[in-house]
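So the sequence shown is numbered by this note's numbering: it starts at 374 and just counts up by one.
In this text, a Cβ means the ideal position worked out from N, Cα and C, and glycines have one as well.
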Amino acid sequence: MAAEEQNGKKWWRHWWVWVIGLPVALLVFTAFAAEYTSRSSFCVTCHYMVPFYESWQESEHHDIECVQCHFPPGMAGKIKGKVNGLYQVAAYVTQAYRRSRPWAEIEDASCMRSGCHDSGILSDTNIVIFKNVAFTHGSHLNEPRRDRQLRCTSCHSQIVQGEHMLVTTSTCALCHLWHGGVLADDNPRQTESGECRLCHTMTAETRPQNHPNVDKLDVACVSCHGKTTIGDGAVSLDRCYQCHFERDRLDRYDEHVLLHQIHITDNKIDCLNCHTRIQHKTVIAQEVAQLDCQGCHPNLHEPQHTLFTGRGAHMVPNMPNAMFSRGIQCQSCHVYHREVSFPDEAELGETVYADEDACAQCHGRGFTGLVEQWNSFIYRRLSDLEGIDRRVRTRARPITDARVASLLDSVSYNMRVVRDGHPVHNAVYAKAILDSTYSLLRTVANSVEPRISLPPFDTNVGIDVPGACRTCHFAIETVNVRAFGEYPFSHNIHAVQQQLPCEMCHSNTATHGEHIVTPSDCTDCHHTTEKPNQCAV
374 MAAEEQNGKK
384 WWRHWWVWVI
394 GLPVALLVFT
404 AFAAEYTSRS
414 SFCVTCHYMV
424 PFYESWQESE
434 HHDIECVQCH
444 FPPGMAGKIK
454 GKVNGLYQVA
464 AYVTQAYRRS
474 RPWAEIEDAS
484 CMRSGCHDSG
494 ILSDTNIVIF
504 KNVAFTHGSH
514 LNEPRRDRQL
524 RCTSCHSQIV
534 QGEHMLVTTS
544 TCALCHLWHG
554 GVLADDNPRQ
564 TESGECRLCH
574 TMTAETRPQN
584 HPNVDKLDVA
594 CVSCHGKTTI
604 GDGAVSLDRC
614 YQCHFERDRL
624 DRYDEHVLLH
634 QIHITDNKID
644 CLNCHTRIQH
654 KTVIAQEVAQ
664 LDCQGCHPNL
674 HEPQHTLFTG
684 RGAHMVPNMP
694 NAMFSRGIQC
704 QSCHVYHREV
714 SFPDEAELGE
724 TVYADEDACA
734 QCHGRGFTGL
744 VEQWNSFIYR
754 RLSDLEGIDR
764 RVRTRARPIT
774 DARVASLLDS
784 VSYNMRVVRD
794 GHPVHNAVYA
804 KAILDSTYSL
814 LRTVANSVEP
824 RISLPPFDTN
834 VGIDVPGACR
844 TCHFAIETVN
854 VRAFGEYPFS
864 HNIHAVQQQL
874 PCEMCHSNTA
884 THGEHIVTPS
894 DCTDCHHTTE
904 KPNQCAV
């Protein structure tokens, strides 16, 4: 009976089944679990991973499984990654993850593995164009830069949610614009344009600002772009307290090389976790800058300031000078010094002024003629408007209407802006001020009894001139020249009456405003219907 029971014993009661079966089952389950949890789709099991997963899906790496980057190459890297994964699962189940932001560290070896970004990317001949900047990875990774060994993730970070592994340009600015950096404002080498041109090139794309001409004249970039950074990238000790409290660590706050080794090279801490941001951009002069001297010298440059900034004139829309909008300062043009005496001649002072030579340094000698054209046109029309103003004030006396008095005050202010502000600071805005001021005078003329008849006034003589050149050359219709040094030529006949575009005769391809028309081109129009002996008349 006992033998029968022994022979009929169930198979799962044999000890060897468990000894062999359990490890095999555990091995199969582990292999399945390892494979399943290595899928990118498993990452969103934890809800806080959703934004990271979505940014990965939209990135160029969406065909690469997450573990290919997050696990270093080799079995040791995979085991380490799985152990970290178990810790993350435990943190999620216990909700310990709520105490800190999700954080991952990508080894350079993951990026440089075979089939991805192999070592060839570190060659100095492997040039990458990023935002019009010629860049090599080797110059940043092959050796320490200013005693800092960078990693791939030093620049390819994700401090901006939704931008998975894109280049973090704030890191570029922090390194290159920090005090003593190659491009820092306090670097004496910034007086040379070569430092700017490490990144910025003079190409045809810069034509709207006429940079090729500036390049030819070898004008230093800082002559116009004097301030190009915002922020200083400082590290406050308060930021250290966000992670550390140990006194022995905090006492090493000034050991910069060690701190960068630990935080950047060893642990991939984002630079902006410690540093404040540095921005590299054109800094537009603020209106408050005018107030520096107001205590003793009230509003001495208000007309010039109003014209240059293109705002402040009464009843005129804002039209800032293009140079003001691009951050060019007063000192960029006012480069010449001369002594001035005060009214009592007890003391001498110094002023800084600009003349045609200052303009020519950047714009070339031809710009002088344009300034003279602006001055001639604006001041001539201002003189006409002043005559109309005197006529209105004489006929409107006595002025008892408060509204009329206010309008005439605006007229006086606007004309002072144009008269004392100098058209070169913003000729287009000066022209608009004259037009609006005439409208104010017309309103006054229609508001008094008997009504005052005003002569016509219009500065927009050439407003129908086709092409973009009219923005600056708005009075070109008044200019008569000798074409090819021989034939009388009227811009009014050709540009206004015949509506020929400026580009028919001029080009900006090589030199601003160069002539591309030839005498034979003119004969296409001027000698198509001539009669015998017509030229002899």
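Original post:
Between the C-alpha atoms of A507 and T498, what's the straight-line distance to the nearest angstrom?
Top reply: If you draw a straight line from the Cα of A507 to the Cα of T498, it is about 11 angstroms long.
Original post:
Tell me which same chain residues have a C-beta within less than 7 angstroms of the C-beta of P905, skipping the five on either side of it?
Top reply: Because the pLDDT at P905 is just 48, under 50, the model does not fix this residue reliably, and the point stays unresolved.
Original post:
When the Cα of D611 is compared with those of H633, C647, F857, which residue comes out closest?
Top reply: C647
Subject >> Exposure of T891, with buried meaning 16 or more beta-carbon neighbours within 10 Å >> reply: exposed
Original post:
Using the rule of at least 16 other Cβ atoms within 10 Å of the residue's Cβ for burial, across every protein chain shown, is Y811 buried or exposed?
Top reply: buried
Original post:
From N819 to D793, what does the alpha carbon distance come to, in whole angstroms?
Top reply: 29 angstroms
**OP:** Counting only the same chain and skipping the five closest in sequence on each side, list residues whose C-beta sits under 8 angstroms from that of M877.
**Re:** V890
Original post:
If we ignore side chains and look at the alpha-carbon of each, how far apart do L780 and S809 end up?
Top reply: 11 angstroms
Subject >> Three-way DSSP call (helix, strand, coil) for H648 in this model >> reply: strand
Subject >> Range covered by the beta strand (DSSP E) that runs through A848 >> reply: Premise fails: A848 is in no beta strand (DSSP E) and is neither H nor E.
Subject >> V501, enclosing beta strand (DSSP E) - first and last residue >> reply: 500 to 503
Original post:
DSSP on E427, reduced to helix/strand/coil?
Top reply: helix
**OP:** Within its chain, find whatever has a CB closer than 7 angstroms to the CB of C613; leave out the 5 residues flanking it on each side and keep chain order.
**Re:** L623, Y626
Original post:
Out of H636, C572, R650, which has the shortest C-alpha to C-alpha gap to I603?
Top reply: R650
Original post:
Where does R855 fall in DSSP's three states?
Top reply: strand
**OP:** Taking all protein chains shown into account, decide if C898 is buried (16 or more other Cβ within 10 angstroms of its Cβ) or exposed.
**Re:** exposed
Original post:
Opposite T418 in the DSSP bridges: which residues?
Top reply: Paired residues: none, contrary to the question.
Subject >> Terminal residues of the alpha helix (DSSP H) in which F681 lies >> reply: The continuous alpha helix (DSSP H) containing F681 extends over residues 675 to 682.
Original post:
In whole angstroms, what is the alpha-carbon distance linking Q461 and S428?
Top reply: Between Q461 and S428, the C-alpha separation is close to 20 angstroms.
Subject >> the stretch 846 to 853 / the stretch 742 to 749 touching (three or more Cβ pairs under 8 angstroms) >> reply: yes
Subject >> Residue range of the unbroken beta strand (DSSP E) whose run includes F862 >> reply: 860 to 863
Subject >> Of the listed residues A686, D605, A463, I500, nearest to V801 (C-alpha basis) >> reply: A686
Original post:
Nearest-angstrom Cα distance between I502 and H736?
Top reply: 30 angstroms
Original post:
Excluding sequence positions up to five away, which residues of its chain have a Cβ less than 6 angstroms from the Cβ of Q522?
Top reply: Excluding sequence neighbours, Q522 sits near T638.
Original post:
Since R891 sits in a beta bridge, which residues does DSSP pair it with?
Top reply: Arg is not the amino acid found at residue 891; the sequence shown has Thr there. Beta-bridge pairing by DSSP links T891 to no other residue.
**OP:** Could you check what DSSP says for E723 in three-state terms: helix, strand or coil?
**Re:** Three-state result, E723: strand.
Subject >> Spatially closest choice to S880 from F862, C842, N865, by CA coordinates >> reply: C842
Original post:
Exposed or buried, what is A662 when buried is set at 16 or more other beta-carbons lying within 10 Å of its beta-carbon?
Top reply: With a pLDDT of 47 at A662, under the threshold of 50, the modelled position of that residue is not reliable, and no figure is offered here.
**OP:** Using three-state DSSP, classify E712 as helix, strand or coil.
**Re:** The three-state reading of DSSP puts E712 in strand, counting E and B together.
**OP:** Specify the secondary structure class of T410 as computed by DSSP and reduced to three states.
**Re:** helix
Original post:
Between which two residues does the beta strand (DSSP E) containing A607 stretch?
Top reply: Where A607 is concerned, there is no enclosing beta strand (DSSP E), given that its DSSP letter is neither H nor E.
Original post:
Just how far apart, CA to CA, sit F697 and V725?
Top reply: 19 angstroms
Subject >> Residue nearest to H513 in terms of C-alpha spacing, selected from L495, K504, A463, S530 >> reply: Ranking L495, K504, A463, S530 by CA distance to the CA of H513 puts L495 first.
Original post:
Does V592 get closer than 7 angstroms to chain C when you measure Cβ to Cβ?
Top reply: Of the chains in the structure shown, none is chain C; there is only one protein chain.
Original post:
How many Å lie between D782 and H795 at the Cα?
Top reply: Their backbone Cα atoms lie some 20 angstroms apart in a straight line.
**OP:** Compare the C-alpha of I479 against each of Q441, L873, L459, H867 and name the closest.
**Re:** Q441
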